[in-house]
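2 protein chains.
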Amino acid sequence: MNLEEDLTLPPRQAIDWVDGKVRFIDQRLLPAKLKIVETDDWHVIARAIKGLSLRGAPLIGVAAALGVAVTAVKYRNSRLQKKLLSAIDGLYATRPTAANLFWALDRMKEIVVQTPDDEDLVEAVVKEALDILEDDRRRCLAIGEAGNALISETARILTICNTGFLATGGEGTALSVVYRAHEAGKGVHVWICETRPLLQGARLTAWELKNAGISFTLLVDSAAAGLIAAGKVDICIIGADRIAKNGDTANKIGSYPLALACRMHNIPFYVAAPESTIDRECPDGSKIIIEERSPDEVTGFGSKKVAPDDTPAWNPAFDVVPADYITGIITENGVLEAPYMFE
Amino acid sequence: MNLEEDLTLPPRQAIDWVDGKVRFIDQRLLPAKLKIVETDDWHVIARAIKGLSLRGAPLIGVAAALGVAVTAVKYRNSRLQKKLLSAIDGLYATRPTAANLFWALDRMKEIVVQTPDDEDLVEAVVKEALDILEDDRRRCLAIGEAGNALISETARILTICNTGFLATGGEGTALSVVYRAHEAGKGVHVWICETRPLLQGARLTAWELKNAGISFTLLVDSAAAGLIAAGKVDICIIGADRIAKNGDTANKIGSYPLALACRMHNIPFYVAAPESTIDRECPDGSKIIIEERSPDEVTGFGSKKVAPDDTPAWNPAFDVVPADYITGIITENGVLEAPYMFE
Chain A
1 MNLEEDLTLP
11 PRQAIDWVDG
21 KVRFIDQRLL
31 PAKLKIVETD
41 DWHVIARAIK
51 GLSLRGAPLI
61 GVAAALGVAV
71 TAVKYRNSRL
81 QKKLLSAIDG
91 LYATRPTAAN
101 LFWALDRMKE
111 IVVQTPDDED
121 LVEAVVKEAL
131 DILEDDRRRC
141 LAIGEAGNAL
151 ISETARILTI
161 CNTGFLATGG
171 EGTALSVVYR
181 AHEAGKGVHV
191 WICETRPLLQ
201 GARLTAWELK
211 NAGISFTLLV
221 DSAAAGLIAA
231 GKVDICIIGA
241 DRIAKNGDTA
251 NKIGSYPLAL
261 ACRMHNIPFY
271 VAAPESTIDR
281 ECPDGSKIII
291 EERSPDEVTG
301 FGSKKVAPDD
311 TPAWNPAFDV
321 VPADYITGII
331 TENGVLEAPY
341 MFE
Chain B
1 MNLEEDLTLP
11 PRQAIDWVDG
21 KVRFIDQRLL
31 PAKLKIVETD
41 DWHVIARAIK
51 GLSLRGAPLI
61 GVAAALGVAV
71 TAVKYRNSRL
81 QKKLLSAIDG
91 LYATRPTAAN
101 LFWALDRMKE
111 IVVQTPDDED
121 LVEAVVKEAL
131 DILEDDRRRC
141 LAIGEAGNAL
151 ISETARILTI
161 CNTGFLATGG
171 EGTALSVVYR
181 AHEAGKGVHV
191 WICETRPLLQ
201 GARLTAWELK
211 NAGISFTLLV
221 DSAAAGLIAA
231 GKVDICIIGA
241 DRIAKNGDTA
251 NKIGSYPLAL
261 ACRMHNIPFY
271 VAAPESTIDR
281 ECPDGSKIII
291 EERSPDEVTG
301 FGSKKVAPDD
311 TPAWNPAFDV
321 VPADYITGII
331 TENGVLEAPY
341 MFE
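Quick mapping for you: the protein sequence lines, in order, are chains A and B.
Here the first sequence stands for residues 1 to 343, where the numbers follow our numbering.
Here the second sequence stands for residues 1 to 343, where the numbers follow our numbering.
Here you go:
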């Protein structure tokens, strides 16, 4: 019997800290299988981030911080500072776009370089990582509450990718708004874009909403514009991987065409994200590095090949929604409106 | 040994009439397998149209006409008129959106009702069907030549779905333009939207262009807007399933968001289609019946289930591009420009 099958996590939680180890859901296998992994090795976490077993900008940040923390516990007596800096470097290099990853690792790095290399360092590092986790949970709740004020009793909400508990340390960003609205007794309906190429909408968001008993319908990404044109959407809410100083927002590929269609049909278009997603060093969207992933994700599906052999494919993971298209940014500090000038 | 493996078709031809039978490529199996089917049974053709073994608006029209013709040959001595009308009815009912299907069947029906029920009827019906096939071949060439005048020496052309020889009786509509430009020695590059849910772009267009030695890159549908915003597209050309009197055009789901992005970034957006695609009875796009297909096409990927069990999905096969977004309609009679007022 595989011991891992006995591992559990609390409801609506994608990651946790359990006795000096990190426990997380391997999201590649959902919804077919709920596999929970436990590790004390930051390499396992780095690989999970790279391979999208752990994904969602806020969750990546939390997972990276906890990856540093397990390293502290594991090597508590042996040249710890050097080991921690090496773990931080390795985790930095996993994915280039999500601001939260760098934000969390910068916080961890500051603790590591400022604390003497002794038993206190272990405690300080673990405390900082758990603070980041707890902090993210609180931020998710606050985002959900702030966003819920925008949701009508019968709102039909369009979203893309997964922005729920599988994307954060807490209960999500855009989907936290949906959870709060549902809990408030509103009869919301969610239109989920399937989110090619990796289908986080079809696999993860559908799974979360089904489990929560929230009404939803799945559609292919390219059907969203026709849906909006048909008057079937009241509000669109997406997450964010990086928000530039002027409000330009990098998010899952397909976000920009949703914004275009919402603009054309006067549908409010919101971004929901913790302030850790804002990159104040980045003046605007043109400066955001967009991760380009393997062509295999486009030419095939899982292990199934679709396109002819040797088909070249362009596979950007994100696109940029200009600030001008964003009705408001829902953060843990309320709903911010244009013009955005993050200091 | 399966005799079917010996069947062949001429290069760049998806369908043909061979000794009183119809021979066609089963497109569901491409690009993994090139299977050619031969039949004298209109039910086989109707099922092939319904199941998308035969697809592409002009090809559906041609196939339906040939389906009536095989029926005439097969039942030449037995109450033929009634059998033919029943075949026509059955073929009418396969798919609701493609105008060419109804156009071709209307032509066949007229012959059937106007010709006495004797040997002449067989000949007349076969002749009409072969005329429709030949006619489509000529139209495809003329569309390609008219469109080629719009293509620069180094054009980067964006397209969706399959509009090549697999979509017509000839060498295609939008893709006929690409073939003609390539033959004229232009160094064109084609950006192919994969075209969820059934991936006609990834499976069929990539296969055609690879075989023709034409440079191309595949992308997920939702990446097209970012591609256009990045200045990497010079012209967008799509096919059409039905064009209303005012020029509003129903085409593969995802066409409308391409038009929105082209408009936003001042990229010319063309529709390429034979005039048989124009429905002069239909005043505008709001009156076009949009086929909604099975949710299974969205909740799974081929035979692989993706979304959780019982996930509801909305699966429209087409959307409508308003005439206002269309720079021109490339037909066998040249490039028509707005305002469109088809009489």
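Glycine included, every Cβ here is placed at the ideal spot set by N, Cα and C.
Residue i and residue j look like a contact to me (Cβ under 8 Å); what is the Cβ gap, rounded to whole Å?
| i | j | result |
| --- | --- | --- |
| B:T173 | B:A273 | 5 Å |
| B:D248 | B:D284 | 5 Å |
| A:L204 | A:L30 | 6 Å |
| A:V430 | A:I288 | There is simply no residue 430 of chain A to check, as chain A begins at 1 and stops at 343 in what is shown. |
| A:I278 | A:I243 | 5 Å |
| A:T39 | A:V22 | 6 Å |
| A:D252 | A:T195 | Note that residue 252 of chain A corresponds to Lys in the displayed sequence, not to Asp. Sure, about 6 Å apart at Cβ, within 8 Å. |
| A:H182 | A:A212 | 7 Å |
| A:T168 | A:C140 | 5 Å |
| A:T163 | A:G239 | 4 Å |
| A:V112 | A:V125 | 7 Å |
Mind checking which residues open and close the beta strand (DSSP E) that includes residue i?
| i | result |
| --- | --- |
| B:Y270 | 269–272 |
| B:L219 | 215–219 |
| B:L336 | 334–336 |
| A:H189 | 189–193 |
| B:W17 | 15–18 |
| B:D319 | 318–321 |
| A:I237 | 235–238 |
| B:E38 | 36–39 |
| B:I329 | 328–331 |
| B:L158 | 156–160 |
| B:R95 | B:R95 -> no beta strand (DSSP E), and no H or E assigned at all. |
Quick one: give me the first and last residue of the alpha helix (DSSP H) that residue i is part of.
| i | result |
| --- | --- |
| B:W207 | 206–212 |
| A:R47 | 42–50 |
| A:K287 | Per DSSP, A:K287 belongs to no alpha helix (DSSP H) and is neither H nor E. |
| B:R107 | 99–114 |
| B:K82 | 80–92 |
| B:A250 | Not the alpha helix (DSSP H): B:A250 falls in the beta strand (DSSP E), residues 249–252. |
| B:V126 | 119–148 |
| A:I243 | Here A:I243 belongs to no alpha helix (DSSP H); instead the beta strand (DSSP E) covers 242–244. |
| A:I228 | 224–229 |
| A:L186 | The amino acid occupying residue 186 of chain A in the given sequence is Lys; Leu does not appear at that position. It is not in any alpha helix (DSSP H) - A:K186 carries neither H nor E in the DSSP assignment. |
| B:V62 | 57–74 |
| B:V22 | Note, B:V22: premise wrong, no alpha helix (DSSP H); beta strand (DSSP E) at 21–25. |
| B:P432 | The question about residue 432 of chain B has no answer here: the residues shown for chain B are numbered 1 through 343. |
| A:E297 | 296–299 |
| A:C262 | 255–264 |
List, in order along the chain, the chain B residues whose C-beta lies closer than 9 Å to that of residue i?
| i | result |
| --- | --- |
| A:G90 | Within chain B, no residue comes near A:G90; the closest Cβ sits about 29 Å away, beyond 9 Å. |
| A:F301 | L199, F301, G302, K304, V306 |
| A:R358 | Within the shown structure, residues of chain A are numbered from 1 to 343, placing residue 358 of chain A beyond reach of any answer. |
| A:K109 | In chain order: nothing, as chain B lies at least about 32 Å away. |
Mind listing the chain B neighbours of residue i? Cutoff is C-beta to C-beta under 8 Å, in chain order.
| i | result |
| --- | --- |
| A:R196 | E194, R196, V220, D221, S222 |
| A:K245 | Chain B residues near A:K245: none, gap ~20 Å exceeds 8 Å. |
How would you list, in chain order, the residues of chain A whose beta-carbon sits under 7 Å from the beta-carbon of residue i?
| i | result |
| --- | --- |
| B:A206 | A307, P308, T311 |
| B:K50 | Those within 7 Å of B:K50 in chain A number zero; the least Cβ separation is about 20 Å. |
| B:K287 | Going along chain A, no residue has its Cβ under 7 Å from B:K287, so there is no contact; the nearest lies around 14 Å. |
| B:K82 | The premise fails here: B:K82 is roughly 41 Å from chain A at the closest Cβ pair, so nothing lies under 7 Å. |
Using a cut-off of 8 Å between C-beta atoms, extract the partners of residue i located in chain A.
| i | result |
| --- | --- |
| B:P31 | A307, P308 |
| B:K127 | Going along chain A, no residue has its Cβ under 8 Å from B:K127, so there is no contact; the nearest lies around 38 Å. |
Please list, in chain order, the chain A residues whose beta carbon lies closer than 9 Å to that of residue i.
| i | result |
| --- | --- |
| B:V298 | E194, A202, L218, L219, V220, A223 |
Cβ closer than 7 Å: which chain B residues qualify as neighbours of residue i?
| i | result |
| --- | --- |
| A:K345 | Residue 345 of chain A lies beyond the range of chain A shown here (1 to 343); nothing can be said about it. |
Is residue i near the ligand MN, going by C-beta to nearest heavy atom under 7 Å?
| i | result |
| --- | --- |
| A:E153 | Ligands in the displayed structure: none, and consequently the ligand MN is not present. |
Checklist entry - Taking any Cβ of chain B, which residues in the region 248–282 of chain A have a Cβ under 7 Å from it, in chain order? => result I253, G254, Y256, P257, L260, A261, M264
Checklist entry - For the region 215–242 of chain B, which residues have a CB atom closer than 8 Å to at least one CB atom of chain A, in sequence order? => result F216, T217, L218, L219, V220, D221, S222, A223, A224, A225, G226, L227, A229
Checklist entry - Is there contact between the region 53–68 of chain A and the region 130–137 of chain A, where contact requires at least three CB pairs shorter than 8 Å? => result yes
Checklist entry - What residues in the region 309–343 of chain B have a beta carbon less than 7 Å from any beta carbon of chain A? => result T311, P312, A313, W314, P316, D319
Checklist entry - Counting pairs of Cβ atoms below 8 Å between the region 80–95 of chain A and the region 39–58 of chain A, do you hit three or more? => result yes
Next on the checklist: Assess contact between the region 215–228 of chain A and the region 252–262 of chain A, defined as three or more Cβ pairs (one per stretch) separated by less than 8 Å. Is contact present?
Outcome noted: yes
Checklist entry - For the 8 Å Cβ check, are there 3 or more pairs between the region 76–89 of chain B and the region 291–310 of chain B? => result no
Next on the checklist: Any C-beta of chain A within less than 8 Å: which residues of the region 173–190 of chain B qualify?
Outcome noted: none
Next on the checklist: Under 8 Å, CB to CB, which of the residues in the region 60–75 of chain B have a partner in chain A?
Outcome noted: none
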